[in-house]
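Protein chains in written order, with this note's numbering: chain A, 1 to 560; chain B, 1 to 317.
Single-structure report; data block below.
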């Protein structure tokens, strides 16, 4: 494996290091070294595949990382083809808040009088005292920091418009230095979320530059010359329908220079995610799954040709929003961003969901009708999640905690100004109402509720809680001064099971976004970025963009 | 008796239910039946009995009639039709009867299939709301009680009884004739209650015997709590500011013992209380919860600060 300038960087003076971390010369040298190890047998094996399409660089996934990678490769002269399994581009980023952690001392920061440098950005995002910073691969963090300034200019040059820095401390940011939001794409018809302001300009740029985007093409396999050795040669795809069900048409797509895995992570795959946290069974939904499933397709296909996973401890830091409290009253409840009901994607969401402004307005109970924690817990309180994910007695399912239901009354609906009918809630298994608490328990029928909720237990929970409102003290879970009784009919039960946010582990990459195998060797021609790549536990779009761009440039520099 | 057993008639016909009767059903509820008839071997119409008639007989009474409408080449079938279960709690047997009849010129003899089930009472459940708290000692007050039948039966005029925590009847009332707006069938009434006779936390019982309802119903009960207090003596002004000590915080829920109020634009809430020592708690989403203890012996002003939660604990992005 070749050393990039970034790999060699730590020995240099911290403030005087060059910011241009993408060094084309070193990439070419790296690529040449890789070709030298390919053997004749491997080349023959590659001949066995019948290719339907080919391009220099094939990108899997048209989200933040994939679009950046595609443009970066195209700019360097490569022909580029993106396959995307959804019927629209955008991936995980589309419904995001459009936030990037990007700094280094750029124009916007200077205008605000914010002191920043790549060294400061690196120091913030590798803070050992915070679990979020403790477990990241510091070589990748350094690469991210060193690319901040250059990437900022590059993104501006491709149509990204900035809303501005948040200013308040955010995650590992000590002073709100690096949290920058993009401006929402003005004509986006699908979602009010800002993320469109990142992916739509890049889609436009990519198409103008001649990047071909094949929608509703699901990657099913990555081809390598030999099972676990040799170059990556291409991918297999199958055409899928709007529910990702495979149709009959398949394709083999040859990649002359490289394949970039940008499939958005594994939060939506219960089998994959329970490798890291066995509690995260199938009742927990991945947020934004109405736009993108994030079922670990890229990770699995890469592992099948030898890829290792990187920095897996980042996935279990019990920090950040790995798990979130989420919206309620809908299945795909993981975020406060939403789709417009007129969006073509809305059939997957089925409802907008309700956001709880004040957790004094609800109690949260498990499948057994019993409260389990102070409901006002922060969305980053992992004691709350420990209680939510604890076993409650399902003999057929020892892991996972089962559904969580928010129970509330008509007065809470009035205080919160919720609209408790479709399209705001999903009465098909995720939202129920009844005239009495006893009846409400009997109405809860849901694919993850393994038994009917015991009505007597729910009634007792509500009566007991109401007594706390009178006495002022929650003797069970120490909720701060319970304020409101749950008493006025009708009564409601809304799905409020925790949801899953980011993937902070994935395929192991080096600082040039090349995928490493179980022995630490580069898999020639295979790259990964975004939530599919492991190593850097940073939320947001910038990690994807940083390594997407590095991957695109590096792949384009490979010999065909 | 096997509920879905077939019975052979004189003409060699056989009868069956597409779905068996449930082993138990609420009194007076509609049971949905679909009757199938299979023709005898060698039947001149090839078993096609469409146009034929099926009767449901309870004791001496004919309680339903249905026509055979569909034929799949072997079996003739009625459409689904509803038959009301008995209005009393009882075991019952119905005879599903293919009477002697002529269909398309062919004569058929009788065939009968007995089916059995039993009825159970409807369940009831209660809701109690608009309970004031605190309630002044010895002062009458009202609560609202609603009752629901699991069969959504009308419960107008049925009696509700409220007992205090000594078991004495504190009040009673009759449910109104129309369900509470926004509910399916929650019949409700306001009940005036005798004032509490002792200070402090109370837990009172509501009972619905359901003996005065047309169909058999099971009784139900519920509890509600409140705090009984002495009349107020002093006015307490609680003013809430951010931790700069200056910026007023509006919309803070202030709890002083059992009394509650919310701060207005100036950050102040007024609460009238008798002299005493009370827990004071403040709550507003986005701020750290605050609490303390105050002793009130005269009109008083209390100022407290609230600290905003860091954005990273409230933001989800």
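C-beta: ideal position from N, C-alpha, C; glycine also.
(request) Identify every residue that forms a DSSP beta bridge with residue 181(A). (result) Beta-bridge partners of residue 181(A) (DSSP): 99(A) and 164(A).
(request) Return the CA-CA distance between residue 30(A) and residue 302(A), expressed in angstroms with no decimal places. (result) Confidence is the limiting factor: at residue 30(A) the pLDDT is only 42, short of 50, which leaves the residue's position unreliable, though a coordinate-based value still follows. Straight-line Cα distance between these residues: approximately 20 Å.
(request) Identify every run of the alpha helix (DSSP H) within the segment 50–106 of chain A, keeping only runs that are complete inside it and at least 4 residues long; order them along the chain. (result) The segment 50–106 of chain A contains these whole alpha helix (DSSP H) runs: 64–75 and 91–94.
(request) Sort 92(B), 60(B), 40(B) and 311(B) by Cα distance to residue 26(B) and report the nearest one. (result) When each option's Cα is compared against that of residue 26(B), the closest is 92(B).
(request) Have a look at 423(A), 384(A) and 280(A) and flag the residue whose alpha-carbon is nearest the alpha-carbon of residue 343(A). (result) Ranking 423(A), 384(A) and 280(A) by Cα distance to residue 343(A) puts 423(A) first.
(request) Check each residue of the segment 485–496 of chain A: if its Cβ is closer than 8 Å to any Cβ of chain B, include it; give the result in chain order. (result) From the segment 485–496 of chain A, only 485, 487, 488, 489, 490 and 491 have a Cβ closer than 8 Å to chain B.
(message) Using the Cβ count rule (16 or more neighbours within 10 Å means buried), how would you classify residue 100(B)?
(response) So residue 100(B) counts as exposed.
(message) Let's test the definition: count the other Cβ atoms within 10 Å of the Cβ of residue 122(B) and tell me whether it reaches 16, buried, or not, exposed.
(response) Residue 122(B) comes out buried.
(message) Strictly by DSSP, which residues pair up with residue 224(A)?
(response) Residue 224(A) is bridged to 232(A).
(message) Tell me the DSSP secondary structure of residue 525(A) in three-state form.
(response) Reduced to three states, the DSSP call for residue 525(A) is strand.
(request) Tell me, please, whether the CB atom of residue 549(A) is closer than 8 Å to any CB atom in chain B? (result) By this cut-off, residue 549(A) is not an interface position.
(request) Please confirm if residue 164(B) has its CB atom under 8 Å from at least one CB of chain A. (result) Cβ-Cβ to chain A under 8 Å: no for residue 164(B).
(message) Can you give me the C-alpha to C-alpha distance between residue 385(A) and residue 85(A), rounded to a whole angstrom?
(response) Between residue 385(A) and residue 85(A), the C-alpha separation is close to 32 Å.
(request) Report the option in 278(A), 132(A), 115(A) and 148(A) whose CA atom is closest to the CA atom of residue 544(A). (result) Ranking 278(A), 132(A), 115(A) and 148(A) by Cα distance to residue 544(A) puts 148(A) first.
(message) Any heavy atom of the ligand GTP closer than 7 Å to the beta-carbon of residue 249(B)?
(response) No copy of the ligand GTP appears in this structure; indeed no ligand is present at all.
(request) Could you spell out where the alpha helix (DSSP H) holding residue 272(A) opens and where it closes? (result) Where residue 272(A) is concerned, the enclosing alpha helix (DSSP H) stretches over 270–273.
(message) Taking beta-carbon pairs under 9 Å, can you tell me which members of the segment 181–192 of chain B lie near chain A?
(response) Per Cβ criterion, the list reads 182, 183, 184, 185, 186 and 188.
(request) Quick one: grab the DSSP three-state call for residue 301(B). (result) In the structure shown, residue 301(B) falls within a strand segment according to DSSP collapsed to helix, strand and coil.
(request) Determine the burial state of residue 549(A): buried for a count of at least 16 other Cβ atoms within 10 Å of its Cβ, exposed for fewer. (result) Counting Cβ neighbours within 10 Å, residue 549(A) comes out buried, since at least 16 surround it.
(message) Please give me, in chain order, every unbroken run of the beta strand (DSSP E) with length at least 3 that falls completely inside the segment 456–536 of chain A.
(response) Within the segment 456–536 of chain A, the complete beta strand (DSSP E) runs of at least 3 residues are 491–495, 506–508, 514–516 and 522–528.
(request) Grab me the residues of residue 127(A)'s own chain with a C-beta within less than 7 Å of its C-beta, minus the 5 sequence neighbours each way, in chain order. (result) So the qualifying residues of the chain are 133 and 172.
(request) Give the residues of chain C in contact with residue 483(A), contact being defined as C-beta atoms less than 8 Å apart. (result) Although the question refers to chain C, the structure presented lacks it and instead comprises the protein chains A and B.
(message) Pull the bridge partners of residue 213(B) from the DSSP assignment, please.
(response) Per DSSP, residue 213(B) has no beta bridge partner at all.
(message) Measuring straight from C-alpha to C-alpha, what distance separates residue 54(B) and residue 15(B)?
(response) Distance between the alpha carbons of residue 54(B) and residue 15(B) is about 10 Å.
(request) Using alpha carbons as the reference points, say which of 81(A), 199(A) and 142(A) lies closest to residue 98(A). (result) Selected option, being the one with the closest Cα: 199(A).
(request) Using a Cβ cut-off of 8 Å, pull out every chain B residue sitting near residue 466(A), in sequence order please. (result) Within chain B, the residues near residue 466(A) are 224 and 225.
(request) Using the Cα positions of residue 354(A) and residue 233(B), report the straight-line distance between them to the nearest angstrom. (result) Here the C-alpha atom of residue 354(A) lies approximately 43 Å from the C-alpha atom of residue 233(B).
(request) Take the Cβ of residue 70(A) as the centre, count every other Cβ of all protein chains shown within 10 Å, and call the residue buried at 16 or more, exposed below. (result) It counts as buried.
(request) Measure from the alpha carbon of residue 226(B) to the alpha carbon of each residue in 198(B), 240(B), 238(B) and 80(B), then state which is nearest. (result) Comparing Cα positions, the closest option is 198(B).
(request) Scan the segment 105–136 of chain B for residues whose Cβ lies nearer than 8 Å to a Cβ of chain A and list them as they occur along the chain. (result) When C-beta distances to chain A are compared with 8 Å, the residues of the segment 105–136 of chain B below that value are 123, 125, 126, 127, 128, 129, 130, 131 and 133, in chain order.
(request) Name, please, each residue of chain B whose Cβ falls closer than 9 Å to the Cβ of residue 360(A). (result) Per Cβ cutoff of 9 Å: 253, 283 and 285.
(message) Let's test the definition: count the other Cβ atoms within 10 Å of the Cβ of residue 260(B) and tell me whether it reaches 16, buried, or not, exposed.
(response) Within 10 angstroms of the beta-carbon of residue 260(B) lie 16 or more other beta-carbons, which makes it buried.
(request) Compute the Euclidean distance between the alpha carbons of residue 44(A) and residue 526(A), then round it to the nearest angstrom. (result) Confidence at residue 44(A) is low in this model, with a pLDDT of 47, below 50, so its placement is unreliable and the value that follows should be read with caution. Going by the C-alpha atoms only, they are around 19 Å apart.
(request) Under 8 Å Cβ to Cβ from residue 478(A), same chain only, skipping five residues before and after it: list those, please. (result) Within the same chain, and ignoring the five residues on either side of residue 478(A) in sequence, the residues whose Cβ sits closer than 8 Å to its Cβ are 374.
(message) According to DSSP, simplified to helix, strand and coil, what is residue 40(B)?
(response) Residue state for residue 40(B) is assigned as coil, using DSSP reduced to three classes.
(message) I'd like to know whether the C-beta of residue 198(A) is nearer than 8 Å to at least one C-beta of chain B.
(response) For residue 198(A), the closest Cβ of chain B is not nearer than 8 Å.
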